[in-house]
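Asks:
In the numbering used here, the protein residues as written are 1478 to 1645.
(1) Any chance you could list the alpha helix (DSSP H) runs of at least 4 consecutive residues sitting entirely within the segment 1570-1611, in chain order?
(2) Give a yes or no on whether the C-beta atoms belonging to residue 1529 and residue 1540 are separated by under 9 angstroms.
(3) Tell me whether the segment 1549-1566 and the segment 1494-1505 touch, counting them as touching only if at least three CB pairs, one residue from each stretch, are closer than 8 angstroms.
(4) Could you work out which residue in 1584, 1488, 1548, 1632 is closest to residue 1564 when comparing CA atoms only?
(5) Using a Cβ-Cβ cutoff of less than 6 angstroms, which residues in the same chain neighbour residue 1612 once the five nearest sequence positions on both sides are dropped?
(6) Closer than 6 angstroms by C-beta to residue 1600: which residues in its own chain qualify, once you throw out the five before and the five after it? Chain order, please.
(7) Based on the DSSP output, what are the partners of residue 1639 in its beta bridges?
(8) Look at the alpha carbon of residue 1621 and the alpha carbon of residue 1527, and state the distance between them as a whole number of angstroms.
(9) Using the Cα positions of residue 1644 and residue 1534, report the straight-line distance between them to the nearest angstrom.
(10) Would a C-beta distance cut-off of 9 angstroms place residue 1608 and residue 1619 closer than the cut-off?
(11) Leaving out five residues before and five after residue 1596 in sequence, what residues of the same chain have Cβ atoms less than 7 angstroms from its Cβ?
(12) Across which residues does DSSP place residue 1541 in a beta bridge pair?
(13) Quick one: give me the first and last residue of the beta strand (DSSP E) that residue 1480 is part of.
And the structure:
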(Lines of atoms letter the chains of each structure in order from A and count residues from 1; the text may use other names and numbers.)
(Lines give C-alpha, C1' and ligand atoms only; values in the text may rest on other atoms or scores of the structure.)
Protein backbone atom coordinates (compact mmCIF):
# COMPACT_ATOMS: atom_id res chain seq x y z
CA UNK A 1 0.00 0.00 0.00
CA UNK A 2 1.97 2.98 -1.30
CA UNK A 3 0.89 6.42 -0.11
CA UNK A 4 1.26 9.01 -2.85
CA UNK A 5 -0.22 12.28 -1.60
CA UNK A 6 -1.48 13.86 1.58
CA UNK A 7 -3.63 16.95 1.98
CA UNK A 8 -5.15 18.59 5.03
CA UNK A 9 -8.05 16.13 5.16
CA UNK A 10 -7.12 13.37 2.72
CA UNK A 11 -4.63 10.63 1.95
CA UNK A 12 -4.24 9.32 -1.60
CA UNK A 13 -2.65 5.92 -2.05
CA UNK A 14 -2.36 3.16 -4.58
CA UNK A 15 -5.31 0.78 -4.65
CA UNK A 16 -4.99 -2.89 -3.77
CA UNK A 17 -7.23 -5.91 -4.20
CA UNK A 18 -8.28 -5.49 -0.55
CA UNK A 19 -10.05 -2.29 -1.69
CA UNK A 20 -12.26 -4.19 -4.13
CA UNK A 21 -15.44 -4.08 -2.01
CA UNK A 22 -15.31 -0.28 -1.90
CA UNK A 23 -14.47 -0.05 -5.63
CA UNK A 24 -17.41 -2.33 -6.49
CA UNK A 25 -19.74 -0.19 -4.36
CA UNK A 26 -18.39 3.07 -5.83
CA UNK A 27 -18.33 2.11 -9.51
CA UNK A 28 -21.57 0.14 -9.27
CA UNK A 29 -23.53 3.14 -7.94
CA UNK A 30 -25.85 4.59 -10.62
CA UNK A 31 -25.63 8.13 -9.19
CA UNK A 32 -21.83 8.07 -9.07
CA UNK A 33 -21.63 6.67 -12.61
CA UNK A 34 -24.33 8.91 -14.12
CA UNK A 35 -21.90 10.43 -16.65
CA UNK A 36 -20.17 7.15 -17.49
CA UNK A 37 -21.62 4.73 -20.05
CA UNK A 38 -23.07 2.62 -17.23
CA UNK A 39 -22.44 1.48 -13.65
CA UNK A 40 -19.80 -1.24 -13.45
CA UNK A 41 -20.52 -4.86 -12.61
CA UNK A 42 -18.44 -6.57 -9.93
CA UNK A 43 -16.17 -8.02 -12.62
CA UNK A 44 -15.79 -4.69 -14.42
CA UNK A 45 -14.83 -3.03 -11.11
CA UNK A 46 -12.26 -5.78 -10.50
CA UNK A 47 -10.81 -5.22 -13.99
CA UNK A 48 -10.71 -1.47 -13.28
CA UNK A 49 -8.63 -2.14 -10.18
CA UNK A 50 -6.30 -4.40 -12.18
CA UNK A 51 -5.89 -1.63 -14.82
CA UNK A 52 -4.97 0.93 -12.15
CA UNK A 53 -2.32 -1.40 -10.75
CA UNK A 54 -0.92 -1.86 -14.27
CA UNK A 55 -0.80 1.94 -14.63
CA UNK A 56 1.14 2.26 -11.36
CA UNK A 57 3.71 -0.23 -12.65
CA UNK A 58 3.93 1.23 -16.15
CA UNK A 59 3.67 4.98 -15.50
CA UNK A 60 4.05 5.40 -11.74
CA UNK A 61 0.54 6.85 -11.45
CA UNK A 62 -3.13 6.19 -12.18
CA UNK A 63 -6.32 6.63 -10.19
CA UNK A 64 -5.49 6.52 -6.47
CA UNK A 65 -7.79 5.66 -3.62
CA UNK A 66 -8.81 8.72 -1.61
CA UNK A 67 -9.23 8.22 2.13
CA UNK A 68 -10.56 10.66 4.66
CA UNK A 69 -7.71 11.07 7.17
CA UNK A 70 -9.90 11.43 10.24
CA UNK A 71 -11.71 8.11 9.75
CA UNK A 72 -9.27 6.38 7.35
CA UNK A 73 -12.40 5.57 5.34
CA UNK A 74 -12.20 5.36 1.52
CA UNK A 75 -14.36 8.06 -0.05
CA UNK A 76 -13.42 8.02 -3.74
CA UNK A 77 -10.65 8.02 -6.31
CA UNK A 78 -8.58 10.75 -7.90
CA UNK A 79 -5.51 10.64 -10.03
CA UNK A 80 -3.76 11.07 -13.33
CA UNK A 81 -3.91 9.06 -16.53
CA UNK A 82 -1.92 9.05 -19.75
CA UNK A 83 -4.31 9.60 -22.64
CA UNK A 84 -4.13 10.44 -26.31
CA UNK A 85 -6.54 13.14 -27.40
CA UNK A 86 -6.50 14.07 -31.08
CA UNK A 87 -3.22 12.18 -31.58
CA UNK A 88 -1.62 14.26 -28.81
CA UNK A 89 -0.36 12.59 -25.62
CA UNK A 90 -1.85 14.20 -22.52
CA UNK A 91 -1.86 13.83 -18.76
CA UNK A 92 -5.49 13.79 -17.69
CA UNK A 93 -6.95 14.43 -14.26
CA UNK A 94 -9.83 12.28 -13.08
CA UNK A 95 -11.90 12.09 -9.90
CA UNK A 96 -14.80 9.93 -8.76
CA UNK A 97 -16.30 10.29 -5.28
CA UNK A 98 -18.93 8.23 -3.53
CA UNK A 99 -22.32 9.87 -3.10
CA UNK A 100 -22.15 10.36 0.71
CA UNK A 101 -19.02 12.50 0.22
CA UNK A 102 -20.28 14.94 -2.41
CA UNK A 103 -20.42 18.68 -1.69
CA UNK A 104 -17.74 18.59 1.02
CA UNK A 105 -14.84 19.94 -1.05
CA UNK A 106 -13.08 16.56 -1.16
CA UNK A 107 -13.01 16.33 -4.97
CA UNK A 108 -11.47 19.80 -5.29
CA UNK A 109 -8.92 19.07 -2.56
CA UNK A 110 -7.85 15.74 -4.08
CA UNK A 111 -7.88 17.07 -7.65
CA UNK A 112 -5.75 20.08 -6.68
CA UNK A 113 -3.18 17.75 -5.08
CA UNK A 114 -3.11 15.63 -8.25
CA UNK A 115 -2.52 18.65 -10.49
CA UNK A 116 0.30 19.85 -8.22
CA UNK A 117 1.79 16.34 -8.36
CA UNK A 118 1.69 16.44 -12.17
CA UNK A 119 3.44 19.82 -12.27
CA UNK A 120 5.99 19.27 -9.50
CA UNK A 121 6.76 15.55 -9.42
CA UNK A 122 6.09 14.60 -13.05
CA UNK A 123 7.31 17.94 -14.47
CA UNK A 124 4.29 18.18 -16.77
CA UNK A 125 3.54 21.56 -18.32
CA UNK A 126 -0.22 21.04 -18.61
CA UNK A 127 -3.01 18.84 -17.32
CA UNK A 128 -6.38 18.26 -18.95
CA UNK A 129 -9.68 16.88 -17.68
CA UNK A 130 -12.35 15.37 -19.93
CA UNK A 131 -15.80 16.24 -18.63
CA UNK A 132 -19.20 15.51 -20.10
CA UNK A 133 -20.88 18.87 -20.86
CA UNK A 134 -23.90 18.17 -18.64
CA UNK A 135 -21.77 17.17 -15.61
CA UNK A 136 -22.08 20.51 -13.80
CA UNK A 137 -20.55 19.26 -10.53
CA UNK A 138 -17.39 18.00 -12.22
CA UNK A 139 -17.13 21.19 -14.25
CA UNK A 140 -17.33 23.24 -11.03
CA UNK A 141 -14.44 21.23 -9.56
CA UNK A 142 -12.31 21.88 -12.66
CA UNK A 143 -13.19 25.58 -12.64
CA UNK A 144 -12.26 25.88 -8.94
CA UNK A 145 -8.84 24.55 -9.95
CA UNK A 146 -8.64 27.39 -12.51
CA UNK A 147 -8.93 24.91 -15.39
CA UNK A 148 -10.36 26.49 -18.52
CA UNK A 149 -12.45 24.95 -21.32
CA UNK A 150 -10.09 24.30 -24.25
CA UNK A 151 -12.25 22.47 -26.77
CA UNK A 152 -14.42 19.44 -27.36
CA UNK A 153 -13.56 15.84 -28.12
CA UNK A 154 -15.33 12.53 -28.45
CA UNK A 155 -14.03 9.98 -25.99
CA UNK A 156 -15.51 6.51 -25.35
CA UNK A 157 -18.30 7.41 -27.75
CA UNK A 158 -19.41 10.51 -25.81
CA UNK A 159 -18.80 14.22 -26.29
CA UNK A 160 -16.52 15.72 -23.63
CA UNK A 161 -15.35 19.21 -22.85
CA UNK A 162 -11.58 19.42 -22.57
CA UNK A 163 -10.61 21.45 -19.51
CA UNK A 164 -6.98 22.49 -19.28
CA UNK A 165 -4.55 24.12 -16.88
CA UNK A 166 -0.96 25.05 -17.63
CA UNK A 167 1.90 25.24 -15.18
CA UNK A 168 2.72 28.82 -14.19
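Glycine included, each C-beta is placed from N, C-alpha and C at the ideal position.
Replies: The structure says:
(1) 1583-1597
(2) Taking the first residue of the chain shown as 1, we reach residue 1529 at position 52. Taking the first residue of the chain shown as 1, we reach residue 1540 at position 63. The answer is yes: Cβ separation under 9 angstroms.
(3) yes
(4) Locating residue 1564 in the chain shown gives position 87, counting from the first residue. For residue 1564, the nearest C-alpha among the options comes from 1632.
(5) By 1-based counting over the chain shown, the position of residue 1612 is 135. Correct list, in chain order: 1512.
(6) Looking up residue 1600 in the chain shown gives position 123. There are no such residues.
(7) If you number the chain shown from 1, residue 1639 lands on position 162. 1607.
(8) For this step, residue 1621 is matched to residue 144 along the chain shown. For this step, residue 1527 is matched to residue 50 along the chain shown. Approximately 31 angstroms, taken between the alpha carbons.
(9) On the chain shown, position 167 is the one that residue 1644 refers to. On the chain shown, position 57 is the one that residue 1534 refers to. C-alpha separation (whole angstroms): 26 angstroms.
(10) Sequence index remark: in the chain shown, residue 1608 carries index 131 (1-based). Sequence index remark: in the chain shown, residue 1619 carries index 142 (1-based). Yes. Within cutoff.
(11) Here residue 1596 refers to the residue found at position 119 of the chain shown. Cβ within range, chain order: 1644.
(12) Taking the first residue of the chain shown as position 1, residue 1541 is located at position 64. Residue 1541 pairs with 1555.
(13) For the purposes of this step, residue 1480 is taken as residue 3 along the chain shown, with counting starting at 1. Here the beta strand (DSSP E) through residue 1480 covers 1480-1483.
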